[in-house]
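Enquirer: Numbering (full-length UniProt numbering), first residue to last: 1 to 163.
The following block contains the structure, expressed as structure tokens.
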């Protein structure tokens with residue numbers, strides 16, 4: 001899938017000056033047409049990334065706003081969240097071609113502070129110099145896709161989660 005340029009500076013400004021987008025998705029799942037929900041449990045939610053660099057990029061987060069990945073979660077809540085990360089990653093691997101699956105917890109107290117995990121599937125055949133951090137960086141462009149494509153992929157991922 002083709003990548004298109006991404007305005008990183010505008011994105012940084014938006015996440016640093018806007019309410020928490022993960023809290024918004026958790027409060028109103030699927031309402032924006034981009035953050036298609038893949039899994040929704042009592043405490044956690046998984047949804048497609050609005051600005052993916054890799055097809056099948058999913059975010060998994062607790063519904064309650066926590067900011068420290070281990071310090072703010074009790075062990076059972078952390079393990080429950082990680083179980084969802086695992087299940088969703090398996091669904092991603094069953095749905096899109098994957099050479100390697102990257103799992104990362106990113107964010108900052110200065111922006112995107114809500115604890116979340118990225119599930120980013122690297123497709124086969126990507127040259128080594130375009131893998132790892134290079135493949136994940138929006139500075140190298142994001143996928144050119146539509147809400148309709150996101151919806152279709154989310155349906156496939158939800159079906160894979162059931163199996």
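By construction, the Cβ of each residue, glycine as well, lies at the ideal position given by its N, Cα and C atoms.
Contact between the region 63-71 and the region 120-135: three or more CB pairs below 8 Å?
Expert: Short answer: they don't touch.
Enquirer: Tell me which residues share the same chain as residue 57 and place their Cβ nearer than 6 Å to its Cβ, disregarding the 5 neighbours each side in the sequence.
Expert: If we look at residue 57 and ignore the five residues flanking it on each side, its Cβ neighbours are 49, 120.
Enquirer: State the start and end residues of the unbroken alpha helix (DSSP H) segment that holds residue 96.
Expert: Taken as a continuous stretch (DSSP letters only), residue 96 belongs to no alpha helix (DSSP H), as it is neither H nor E.
Enquirer: Per DSSP, what kind of secondary structure is residue 44 in: helix, strand or coil?
Expert: Residue state, collapsed to three classes: strand.
Enquirer: Helix, strand or coil for residue 164? Go by DSSP, reduced to three states.
Expert: In this structure the chain extends from 1 to 163, so residue 164 is not present and cannot be described.
Enquirer: Relative to the C-alpha of residue 157, which residue among 111, 40, 138, 18 is closest?
Expert: Out of 111, 40, 138, 18, 40 has the C-alpha closest to the C-alpha of residue 157.
Enquirer: Any contact of the region 100-112 with the region 140-156, i.e. 3+ C-beta pairs under 8 Å?
Expert: They do not touch, by the three-pair rule.
Enquirer: Name the one or two DSSP bridge partners that residue 121 has.
Expert: According to DSSP, residue 121 bridges with 101.
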